[in-house]
C-alpha cells in the first residue's frame with residue numbers, strides 16, 4: 010500500500026471516529042485546546058503564543074487539520090503561527106507558498122507600473138483618437154489584475170496565521186475580480 014493511501018485511510022478513520030484519538034473536538038470539529046479557554050460551547054482564541062523554538066518549516070503530518078489540504082506535498086509547510094509579523098517574515102525564507110506569494114506580488118507591482126506606462130506611452134500620443142470608454146475599459150482590466158494579484162499574494166502570505174484568520178474568500182474574490190474585469194473588456198470590444 011502506498012504512503013498516500015495509508016495517510017488518507019488514517020485521516021479518514023480519525024475523522025470518522027474522533028473517540029479513537031486523544032483529541033477532543035471543539036465547537037467546529039477541531040481541537041480547541043490550542044485556542045485557550047472555551048466560552049459557552051464555542052471557543053475564542055486567546056493569546057496563546059507558540060514557543061520561541063518553533064520550527065519555520067514542518068511536515069504535512071505536523072499541520073493542524075484545517076491546513077492539511079494536499080496530501081501529496083510532504084514537506085515545506087509553514088506551521089500555524091498566530092502572528093501577522095511571522096507571516097510577513099516568511100516572505101524571506103523558502104516554503105511551499107513562497108513562489109505563489111512572490112510571483113503574485115511582483116505581478117501586482119508590474120501592473121501598477123503598467124498603469125503609468127500606458128498613460129504616457131499609449132494614451133498621451135493617441136489622446137485625440139481614443140474614446141473615454143477605451144481608456145476606462147483598459148484601466149478597469151488593469152485594476153482587476155492588480156486586485157487579483159494583490160489579494161492572492163495577501164492570501165498566500167497570511168494563510169498560515171490561524172484558522173480564524175484564514176480568509177479563503179479573499180482568494181476567491183481575487184479570481185472573481187479578474188474574471189469580471191476581463192468580461193467587461195470583451196463586452197466593450199464586441200459592442201454589447
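In my numbering, the protein residues as written are 10 to 201.
Quick reminder that beta carbons are idealized off the backbone N, C-alpha and C, glycines included.
The structure presented is a predicted model; accordingly, all values stated were derived computationally and were not measured.
Span of the alpha helix (DSSP H), counted from its first residue to its last, around residue i
i	result
residue 190	177 to 199
residue 173	Here residue 173 belongs to no alpha helix (DSSP H), and DSSP marks it neither H nor E.
residue 143	141 to 167
residue 127	107 to 127
residue 93	93 to 98
Same chain only: Cβ atoms within 6 angstroms of residue i, ignoring 5 sequence neighbours per side
i	result
residue 170	96
residue 18	none
Residues near residue i by beta carbon distance below 7 angstroms, same chain, minus five either side
i	result
residue 61	Only weak support is given to the placement of residue 61: the predicted model assigns it a pLDDT of 48, under 50, and the value that follows is read from those uncertain coordinates. Excluding sequence neighbours, residue 61 sits near nothing in its chain.
residue 49	In this prediction, residue 49 has a pLDDT of 49, which is less than 50 and means its spatial position is unreliable; what the coordinates show is noted afterwards. There are no such residues.
residue 174	167
residue 162	110, 113, 114 and 117
residue 193	146 and 149
residue 130	none
residue 132	139 and 144
Option in the options with minimal Cα separation from residue i
i	options	result
residue 85	158, 113, 99 and 93	99
residue 178	164, 107 and 76	164
residue 143	172, 105 and 200	200
residue 172	138, 72, 127 and 67	72
CA-to-CA distance, residue j to residue i, given in whole angstroms
i	j	result
residue 91	residue 111	22 angstroms
residue 89	residue 101	17 angstroms
residue 80	residue 22	15 angstroms
residue 64	residue 125	42 angstroms
residue 197	residue 70	50 angstroms
residue 103	residue 93	17 angstroms
residue 76	residue 107	16 angstroms
residue 135	residue 195	21 angstroms
residue 34	residue 78	With a pLDDT of only 46 at residue 34, under the threshold of 50, the placement of this residue in the model should not be trusted; the figure read from the coordinates follows. Distance between the alpha carbons of residue 34 and residue 78 is about 19 angstroms.
residue 82	residue 68	9 angstroms
Other residues of its chain near residue i: CB distance less than 8 angstroms, five sequence neighbours each side excluded
i	result
residue 140	none
residue 189	153
residue 186	153, 156, 157 and 160
Residue i at chain C interface by Cβ criterion, 9 angstroms
i	result
residue 144	In summary, chain C is missing from the structure at hand, where a single protein chain is found.
Exercise. Is there contact here, the stretch 149 to 160 with the stretch 116 to 123, by at least three beta-carbon pairs under 8 angstroms?
Worked result: yes
Exercise. Can you find at least 3 beta carbon pairs, one from the stretch 181 to 193 and one from the stretch 155 to 170, that sit closer than 8 angstroms?
Worked result: yes
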